[in-house]
Ligand SMILES: *[C@@H]1O[C@H](CO)[C@@H](O)[C@H](O)[C@H]1NC(C)=O
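In the numbering used here, the protein residues as written are 66 to 405.
Next comes the structure, spelled out in structure tokens:
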């Protein structure tokens, strides 16, 4: 008992090691200082994460459990499973190489069936006749946060090799000599939370440059100065939408164009806690794909973005335009509920 009291006293003496007591409340969290943070699991329930948990994953096998689920307008609800190395799995599917490809990658504790995937899949299929491939990496994503972070490199490399295989197989199937350019130009990688860093790895790894890459509130904890983080080298045009910056998301600009809706931090309008603000990024993106109504305004600097004071030139956040190009820091205000 005495030992326990001494231990509790010792832990309490260092503010950075204090366990935050209200589930989902990260208001005292400081990036790089605090050891504990609340993160939403696949159901949005806050789970306490220890950022100093030791790493035990053997990196080289994390991506071997990746699954690739195809949705098209012919099968918008029930996925067809594509298998790397099995050309028949493409030939017998609704995959159509004449159409653009959108790849969606979930975050920590997510899976192919995560709410944000379902929302974005239905939005992009409504907007355009495209192939949607949802990467399911739930095996590694279900590890504790530190080990899920350690797995993202391998998961991203496996995704890259799947995409290389897909374009090769595809060309062979279509007997098309010169399809490599269009495949990469018509590819849009979209990732949420840790998934944003997975697509960063994949985008840098592949032989061609993906035309568009979108990071939805890319994860912040353990990602500042991390060489594997999403950056502007992941594609021709890389966009990040920051909704819980400095908490579950990264606040620093990391892309070609960085959008900071409502200041880019918790609380987003209609949200009380950081897990809600983090989830707002995929919701805003899905809405933008259908209506393209979020007018970002160029900011002079990040402080203007944080204070929702940007008034420069207009550049829309999100949307479904495959050859979208731009750069800079953008701010905007949104509504508090769908379609925001
Ligand atoms: C593939 O997509 C193109 C463009 O949308 C369409 O014209 C063509 O009919 C599709 N092919 C098949 C086999 O559905």
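Every residue, glycine too, gets a C-beta built ideally from N, C-alpha and C. Note that the structure is a prediction, hence the values are computed from the model and not measured.
If residue i sits next to residue j, beta carbons under 8 angstroms apart, how far is it from one beta carbon to the other, in whole angstroms?
{"i": "residue 97", "j": "residue 289", "result": "6 angstroms"}
{"i": "residue 235", "j": "residue 162", "result": "4 angstroms"}
{"i": "residue 200", "j": "residue 131", "result": "6 angstroms"}
{"i": "residue 268", "j": "residue 278", "result": "5 angstroms"}
{"i": "residue 381", "j": "residue 357", "result": "6 angstroms"}
{"i": "residue 359", "j": "residue 377", "result": "Rounded, the Cβ-Cβ distance is 15 angstroms, inconsistent with contact."}
{"i": "residue 370", "j": "residue 329", "result": "6 angstroms"}
{"i": "residue 157", "j": "residue 148", "result": "Not confirmed; about 11 angstroms, so no contact."}
Report whether the distance from the Cβ of residue i to the nearest heavy atom of ligand 1 is below 7 angstroms.
{"i": "residue 157", "result": "no"}
{"i": "residue 161", "result": "yes"}
{"i": "residue 194", "result": "yes"}
{"i": "residue 164", "result": "yes"}
So, are the CB atoms of residue i and residue j less than 8 angstroms apart?
{"i": "residue 230", "j": "residue 150", "result": "yes"}
{"i": "residue 302", "j": "residue 198", "result": "no"}
{"i": "residue 255", "j": "residue 167", "result": "yes"}
{"i": "residue 248", "j": "residue 306", "result": "no"}
{"i": "residue 304", "j": "residue 324", "result": "yes"}
{"i": "residue 222", "j": "residue 170", "result": "no"}
{"i": "residue 297", "j": "residue 94", "result": "no"}
{"i": "residue 107", "j": "residue 216", "result": "no"}
{"i": "residue 144", "j": "residue 192", "result": "no"}
{"i": "residue 271", "j": "residue 327", "result": "no"}
{"i": "residue 390", "j": "residue 379", "result": "no"}
{"i": "residue 321", "j": "residue 257", "result": "no"}
{"i": "residue 116", "j": "residue 220", "result": "no"}
{"i": "residue 344", "j": "residue 105", "result": "yes"}
Pick from the options: whose alpha carbon is nearest that of residue i?
{"i": "residue 476", "options": "281, 266, 259", "result": "It is not possible to answer for residue 476, since the shown part of the chain is limited to 66 through 405."}
{"i": "residue 338", "options": "103, 195, 99", "result": "103"}
{"i": "residue 165", "options": "381, 275, 321, 343", "result": "275"}
{"i": "residue 113", "options": "95, 138, 85", "result": "85"}
{"i": "residue 365", "options": "345, 392, 233", "result": "392"}
{"i": "residue 334", "options": "378, 357, 397", "result": "397"}
{"i": "residue 308", "options": "340, 321, 322", "result": "340"}
{"i": "residue 261", "options": "252, 273, 293, 232", "result": "293"}
{"i": "residue 403", "options": "346, 193, 81, 310", "result": "346"}
{"i": "residue 135", "options": "105, 380, 118, 228", "result": "228"}
{"i": "residue 188", "options": "137, 214, 204", "result": "137"}
{"i": "residue 282", "options": "273, 317, 224, 253", "result": "317"}
{"i": "residue 264", "options": "360, 385, 128, 379", "result": "128"}
{"i": "residue 173", "options": "206, 394, 153", "result": "206"}
{"i": "residue 195", "options": "224, 213, 159, 211", "result": "159"}
{"i": "residue 110", "options": "100, 99, 87", "result": "87"}
{"i": "residue 354", "options": "369, 405, 273", "result": "405"}
{"i": "residue 175", "options": "213, 252, 99, 368", "result": "213"}
{"i": "residue 226", "options": "89, 190, 273", "result": "273"}
{"i": "residue 100", "options": "315, 83, 155", "result": "83"}
{"i": "residue 253", "options": "186, 91, 121, 233", "result": "186"}
{"i": "residue 152", "options": "233, 190, 319, 367", "result": "233"}
{"i": "residue 90", "options": "336, 190, 291", "result": "336"}
Give a single yes or no on whether residue i has its beta carbon closer than 7 angstroms to a heavy atom of ligand 3.
{"i": "residue 186", "result": "In the structure on display, ligand 3 does not appear, and the ligands it does have are ligand 1."}
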